[in-house]
Amino acid sequence: MKKFLSSGYIFLIFALLYAPILVLIVFSFNEGGSLSEFTGFSFTWYKELFNDEQALTALKNSLVLAVLSSCIATVIGTFAALGLHHMKRKWAKGAITSITNIPMMNPDIVTGVSMMLLFVAVATIIKANDFMGFGTMLVAHTTFNLPYVLLSVTPRFNALDKSLSEAAMDLGCTPARAFFSVELPEIVPGIVSGLMLGFTMSLDDFVISHFVSSPNFQTLPLYVYNQTVHNVKFSMYALCAIIVATILAILLIVNFAGSMGDRRSRRAKGGAR
Amino acid sequence: MKRFVSLILICLVLAPMLFSCSKGEEKVKTLYVYNWGEYISDGSEGCLDSNKAFEDWYYKETGERVKVVYSTFSSNEDMYAKLSSGSVSYDIVVPSDYMIERLREEDMLAPLNYDNIPNAKNIVEEFRVLNCDTDDDGNGYSDYSIPYFYGMIGIIYNTTMVDKADIGSWDLMWNPKYKGNILQFNNSRDAFGTAQYKLGLDVNSENPKQWRLALEELRKQKDIVQGYVMDEIFNKMEGGSAAIAAYYAGDFLAMYENNEDLDFYYPEEGTNLYVDAMCVPKSSKNKELAEAYINFMLSEEPAVANALYTYYASPNKVVLESEEYKEGMNSIREDAYELMYNTDALKTATSYENLPGSQLALINNLWEELKSDIEISPLIYILCIGIVIALAFFGIFFAVRKRIRNNY
Amino acid sequence: MKRKSIFQRMAAAPHIVWMVMFIVAPMLFVLYFAFTDEKGRFTFDNILSLSGYSNVFVLSIAFALIATVICLLIGYPLAYFMSKASPRTRKLLMVLIMLPMWCNLLIRTYALMALLDNGGLLNALLVKLGLNKLYIVGSDFGVILGMVYDFLPYMVLPIFTTMTKLDKRYIEAAADLGCNSWQTMTKVVMPLTVSGVISGVTMVFVPSISTFYISQKLGAGKIDLVGDTIERLFKNTSTYNVGAAVSLVMMVLIIISVGIMNKFSDDDGGIIV
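Heads up: the protein sequence lines correspond to chains S, Z and B, in order.
The first sequence begins at 1 in the numbering used here and counts up by one.
The second sequence begins at 1001 in the numbering used here and counts up by one.
The third sequence begins at 2001 in the numbering used here and counts up by one.
1. Just the C-alpha distance for S/L49 and S/L239, rounded to the nearest angstrom, thanks.
2. Under three-state DSSP, which class holds Z/S1022?
3. Please state the DSSP three-state secondary structure of S/T100.
4. So what does Z/Y1228 bridge to, in DSSP terms?
5. How about S/N255: is its C-beta nearer than 9 angstroms to some C-beta of chain B?
6. Report the CB separation of S/S114 from B/P2207 in whole angstroms; it is logged as a contact under 8 angstroms.
7. Can you tell me whether DSSP reads Z/K1067 as helix, strand or coil?
8. Applying the criterion that 16 or more other CB atoms from any shown protein chain within 10 Å of the CB defines a buried residue, is B/S2051 buried or exposed?
9. Please list the terminal residues of the continuous beta strand (DSSP E) segment that includes Z/Y1265.
10. Could you check whether the Cβ of S/H230 sits closer than 9 angstroms to any Cβ belonging to chain Z?
11. In chain order, what residues of the segment 2042-2074 of chain B put their CB closer than 7 angstroms to some CB of chain Z?
12. Of all the CB atoms in chain S, is at least one closer than 9 angstroms to the CB of B/I2223?
13. Could you work out which residue in Z/D1137, Z/I1146 and Z/D1231 is closest to Z/L1183 when comparing CA atoms only?
14. Can you tell me where the alpha helix (DSSP H) holding Z/S1050 begins and where it ends?
15. Could you check which residue in B/A2062, B/G2227 and B/K2039 has the C-alpha nearest to that of Z/I1380?
16. What residues are listed by DSSP as bridge partners for Z/C1384?
17. Could you name the residues of the same chain whose beta carbon sits closer than 8 angstroms to that of Z/I1117, not counting the 5 residues immediately before and after it, in chain order?
18. Residues of the segment 113-130 of chain S with a CB closer than 7 angstroms to any CB of chain B: list them in chain order, please.
19. Does DSSP put B/C2103 in a helix, in a strand, or in coil?
20. Measure the CB-CB distance between Z/Y1312 and Z/M1340 and report whether it falls below 9 angstroms.
21. Can you name the residues of chain Z whose CB is closer than 8 angstroms to the CB of B/Y2110?
22. Who are the neighbours of B/N2132 on chain Z, taking C-beta pairs under 7 angstroms?
23. Can you list, in chain order, the residues of its chain with a C-beta nearer than 6 angstroms to that of Z/K1209? Leave out the 5 residues immediately preceding and following it.
24. May I have the straight-line CA-CA distance separating S/N129 from S/M137, to the nearest angstrom?
25. State the DSSP-derived secondary structure class of Z/V1280, mapped to helix, strand or coil.
26. Hey, does Z/Y1090 have any beta-carbon neighbour from chain S nearer than 9 angstroms?
27. Is it buried or exposed, Z/N1113, if we count other Cβ atoms within 10 angstroms and call 16 or more buried?
28. Note down the Cα distance separating Z/E1077 from B/K2084, rounded to an integer number of angstroms.
29. Measure the alpha-carbon distance for Z/N1364 versus Z/R1102 and round it to whole angstroms.
30. Against Z/L1383, what residues of chain C qualify as contacts under a CB-to-CB distance less than 9 angstroms, listed in chain order?
31. Taking the DSSP output, what are the residues bridged to B/S2215?
32. Quick one: residues in its chain with C-beta nearer than 6 angstroms to the C-beta of B/G2142, no 5 flanking neighbours on either side, listed in chain order?
33. Can you round the beta-carbon distance between S/N145 and S/S98 to whole angstroms, since I take them to be within the 8 angstroms contact cut?
34. For Z/S1377, return the contacting residues in chain B, with the cut-off set at a CB-CB distance below 7 angstroms.
35. Under 9 angstroms between C-beta atoms, does B/M2010 make it to chain S?
36. For the beta strand (DSSP E) holding Z/S1142, just list the boundary residues, first then last.
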């Protein structure tokens, strides 16, 4: 009886959670453009979507931005974690960590407007009225990716055996060489999970991009936003259906392919936002 | 671990590919167009994609590739904010009359070179110089703007939800019978306009007291409106999610195409006539290209396609003379053509004019006052107080328990 | 200890430079704008003018609070039941709860609105069944519902993770010592999962209080929250200053509430130990 109740509860909540998304997916196959009546099955809206150059450009932009910003953040963040690891002054370490965490703690909208104020000020000073765009987006995304990289790399550094790198240096390695050949391989899982986290955060971000973007560089979430504030075409539903399906596929593959030993990365993802 | 490695590999393979794509485009000239949403034929459902047509036409004419980056705004005020922020640049903007006046007064527009726009002759004579613009050169054309479309604001209603007896005036939008089914504009000038027309006030008044009166009227309305929206109106009216909305006449025809239960009228107290016109901002880096774009949009094929996409009234002779256009208009609704061009409302309609800076600041403040004027229902208060009390109780409970335990 | 090499000392330098330029500087800009007028003169007017927005602040806090509590009430049992499932089902449930988190918020919110709108599928069904229409969009209830729907997974996931980590032996020990299931729940499970609850509460409360898309869609632009106010004020160059003041106050509010919550978790940590 108890078992029945608990699975019933789980089922109910999941059904409610998925109902709107499922309705959207079902109606993306609707021939007529109505959300209250299903008139016939067709792929019309999908065809229209793949002819929509704006949507495809936005997808490309999103991927480029996510790859670049997460890579840059990972490089900077990993070295920062190394530096922090070797830093002796406790207060400096604490200060740097807490300042880095500001974009993670702050609501996105505040991070977004603060960045915008900075960029607008710079644009006015150097009199560049096309200042906003790819560059500002890249900076903003890298900035909010940094804390996530540090979050996943720092614990790896703390778990390192110090004597290993010291042994390497005693054997004649320079500290840089010791880092690359001894420490780096040990922290790779942390780096990778930081990279993945940054990648997904960047791909998903709307609010911060909303404030620092310009028309010449539109990402997928911005495209979706622009669609939903105007007359929504049904190709938008098709786009949503594709996004949901892709994410579901990725999640299933990641979670069910192989033994999937490292829960750590998953937990980090879970605890991230 | 394997999946991460493969993912990184994928990223590494993808990144240069994506870059090579973007690099190839660098030599292409880009034209930034900033227009109203739903205001150009976009190639959906078999119509002409005007921007693409321009790119092709330009390539054919000059052998140069050009890329149109088209983005949209949903109100004049939004457009102004973006343009004046100084961090984004556009080559073409399409504001309404009063906003053109403001941009011109603030020296944000570049004068047009009519040698590059021979198709300007297609513009109907009375639209060649707009009220908001000047003609210093004496060439018979406005210095800064070329009209794109014009139209009037009216009230769209759903015949299955609204009583015939209630229609005719602006009062419909204040009728408590339709509480929760009324949509108001989400931009200050148009929203205040509805109240001003209803009260018979001057929409260009410089008397703060009159604007206050309009604000009071909007405040009264706030309780019964479903929301303040702009282009979301399309989906809401077509889907029957709202019964009454004030919006632009051309858009009504577009909605009617998808939902024949809708109807439309111009309120008897008078309404707003607007002319949206293409302008080139001073910050444009491609003025000649922008003028080529304007010129192209005035030629027959794109002009007719745009007119049949938006259903707004066109100031363009080639459109008005086109058989295809007349047929297209009549196929939506018999009186579509009359609704846009031959109505009595046109005679009594007034235009918005630009107002002095202090007045604009006042409107802005009043609008903020309206938007931030929120009623918090007692239920919300009760719930919150309940939550806070529960939290406080828990806090005290734990603190006391901790102390007791520490005493052991 | 050995002297640190230049490499180790300088590793964090790029990060520190980045941090100062893109985290500290933007925050200083917010401060600067909040305390100056349009001409750059020092003033308190912006902060004082916020009294006009007092209702907006109260409503935002109230909505966020209510949404958080509802999420907790729904999410805690859900996480508990989920953690009781068999490992394989648990994995699947995990994927199902993460999917909405990874789907863009815009898409989910829009899907919910399309479903609940007066002319949406739900009301079409109600009318067919001969019932009255529900006017959800544009009401307080609609906005809170949107927050709960969008942020519920953020509440469930951290609680679920702490529950799966929970040492089963504690529960067995409690049972051996004569606790009934209710006592086990309140005396063992709940105190041990407080950390999950705290992070869940933070992850729901912060985005709820700063959202603008949810109130735009489900409040139909009529219910103005702090997020909407900031977004609107930052659309217009002449209101940047007031906007910065609103952002600043919101930031302070959030720091205070997160601080209070962390205090809670510290206290409880003390109880367990």
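Cβ coordinates follow ideal geometry from the N, Cα and C atoms, glycine included.
The model shown is predicted, which means the values in this text are computed figures rather than measured ones.
Considering the structure as presented:
1. Counting from 1 along the first sequence, the entry for residue 49 of chain S is found at position 49. Counting from 1 along the first sequence, the entry for residue 239 of chain S is found at position 239. Taking the straight line from one Cα to the other gives about 7 angstroms.
2. Along the second sequence, one-based indexing puts residue 1022 of chain Z at 22. Its pLDDT being 49, under 50, Z/S1022 is placed unreliably by the model, and nothing is read from it.
3. As a working mapping, residue 100 of chain S is identified with position 100 in the first sequence. Helix at S/T100.
4. Taking the second sequence and counting its residues from 1, the one referred to as residue 1228 of chain Z is at position 228. Paired residue(s): Z/Q1184.
5. Indexing the first sequence from 1 puts residue 255 of chain S at position 255. For S/N255, the nearest beta carbon of chain B is closer than 9 angstroms to its own beta carbon.
6. Position 114 of the first sequence, counted from the first residue, corresponds to residue 114 of chain S. Position 207 of the third sequence, counted from the first residue, corresponds to residue 2207 of chain B. Wrong, their Cβ atoms sit about 17 angstroms apart, outside the cutoff.
7. Along the second sequence, read from residue 1 onward, the residue named residue 1067 of chain Z stands at position 67. In the three-state DSSP reduction, Z/K1067 falls in the strand class (E or B).
8. Position 51 of the third sequence, counting from 1, holds the residue named residue 2051 of chain B. B/S2051 comes out exposed.
9. Reading the second sequence from its first residue, position 265 is the one you call residue 1265 of chain Z. According to the DSSP assignment, Z/Y1265 belongs to the beta strand (DSSP E) that extends over L1262 to Y1265.
10. Residue 230 of chain S sits at position 230 when you count from the first residue of the first sequence. Contact of S/H230 with chain Z is assigned, a C-beta pair being separated by under 9 angstroms.
11. In summary, the residues of the segment 2042-2074 of chain B whose CB is separated from some CB of chain Z by less than 7 angstroms are G2052, Y2053, N2055, V2056, V2058, L2059, A2062, L2065, I2066 and V2069, in the order they occur in the chain.
12. By 1-based counting over the third sequence, the position of residue 2223 of chain B is 223. No, no contact with chain S.
13. In the second sequence, residue 1183 of chain Z corresponds to position 183, counting from 1. Considering only alpha carbons, the answer is Z/D1231.
14. For this step, residue 1050 of chain Z is matched to residue 50 along the second sequence. If you look at Z/S1050, you'll find it in the alpha helix (DSSP H) that goes S1050 to T1062.
15. On the second sequence, residue 1380 of chain Z is found 380 positions in, with the first residue counted as 1. Of the listed residues, the one whose Cα sits closest to Z/I1380 is B/A2062.
16. Here residue 1384 of chain Z is taken as the residue at index 384 of the second sequence, counted from 1. In the DSSP output, where bridge partners are listed per residue, Z/C1384 has none listed.
17. Locating residue 1117 of chain Z in the second sequence gives position 117, where the first residue counts as 1. Sequence-distant Cβ neighbours of Z/I1117 in its own chain, meaning closer than 8 angstroms and more than five residues away, are I1146, E1291, I1294, N1295 and L1298.
18. Of all residues in the segment 113-130 of chain S, only V113, S114, M115, M116, L117, L118 and A121 place a beta-carbon less than 7 angstroms from a beta-carbon of chain B.
19. Start at 1 with the first residue of the third sequence, and residue 2103 of chain B comes out as number 103. Under the three-state reduction of DSSP, B/C2103 is assigned to coil, being neither helix nor strand.
20. Against the second sequence, residue 1312 of chain Z aligns to sequence position 312. Against the second sequence, residue 1340 of chain Z aligns to sequence position 340. The answer is yes: Cβ separation under 9 angstroms.
21. Reading the third sequence from its first residue, position 110 is the one you call residue 2110 of chain B. Chain-order list of chain Z residues neighbouring B/Y2110: empty, with the shortest C-beta distance near 10 angstroms, by a criterion of under 8 angstroms.
22. As a position in the third sequence, residue 2132 of chain B is number 132, starting the count at 1. Contact of B/N2132 with chain Z by beta-carbon distance below 7 angstroms is absent, the smallest such distance being about 12 angstroms.
23. Translated into the one-based positions of the second sequence, residue 1209 of chain Z becomes position 209. The beta carbon of Z/K1209 is closer than 6 angstroms to none in its chain, skipping five residues each way along the sequence.
24. Mapped onto the first sequence, residue 129 of chain S falls at position 129. Mapped onto the first sequence, residue 137 of chain S falls at position 137. C-alpha separation (whole angstroms): 15 angstroms.
25. In the second sequence, residue 1280 of chain Z corresponds to position 280, counting from 1. The answer is coil: DSSP assigns Z/V1280 none of H, G, I, E or B.
26. By 1-based counting over the second sequence, the position of residue 1090 of chain Z is 90. Answer yes: the Cβ-Cβ gap between Z/Y1090 and chain S drops below 9 angstroms somewhere.
27. Here residue 1113 of chain Z refers to the residue found at position 113 of the second sequence. Under this definition Z/N1113 is an exposed residue.
28. In the second sequence, residue 1077 of chain Z corresponds to position 77, counting from 1. In the third sequence, residue 2084 of chain B corresponds to position 84, counting from 1. In this model, Z/E1077 and B/K2084 are separated by some 55 angstroms (Cα to Cα).
29. For the purposes of this step, residue 1364 of chain Z is identified with residue 364 of the second sequence, where counting begins at 1. For the purposes of this step, residue 1102 of chain Z is identified with residue 102 of the second sequence, where counting begins at 1. Approximately 15 angstroms, taken between the alpha carbons.
30. No chain C is present in this structure, whose protein chains are S, Z and B.
31. Residue mapping note: residue 2215 of chain B aligns to position 215 of the third sequence, counting from 1. B/S2215 is not bridged to any residue.
32. Start at 1 with the first residue of the third sequence, and residue 2142 of chain B comes out as number 142. Cβ-Cβ distances below 6 angstroms link B/G2142 to I2136 and L2218 in the same chain, with the five nearest sequence neighbours on each side left out; the list follows chain order.
33. Working through the first sequence from its first residue, we reach residue 145 of chain S at position 145. Working through the first sequence from its first residue, we reach residue 98 of chain S at position 98. Contact doesn't hold; Cβ gap of about 17 angstroms is too wide.
34. Translated into the one-based positions of the second sequence, residue 1377 of chain Z becomes position 377. Within 7 angstroms of the CB of Z/S1377, the CB atoms of chain B belong to D2140, in sequence order along the chain.
35. On the third sequence, residue 2010 of chain B is found 10 positions in, with the first residue counted as 1. Residue-level contact check: B/M2010 touches chain S, since one or more beta carbons of chain S fall below 9 angstroms from its beta carbon.
36. The residue you call residue 1142 of chain Z lines up with position 142 of the second sequence. Premise fails: Z/S1142 is in no beta strand (DSSP E) and is neither H nor E.
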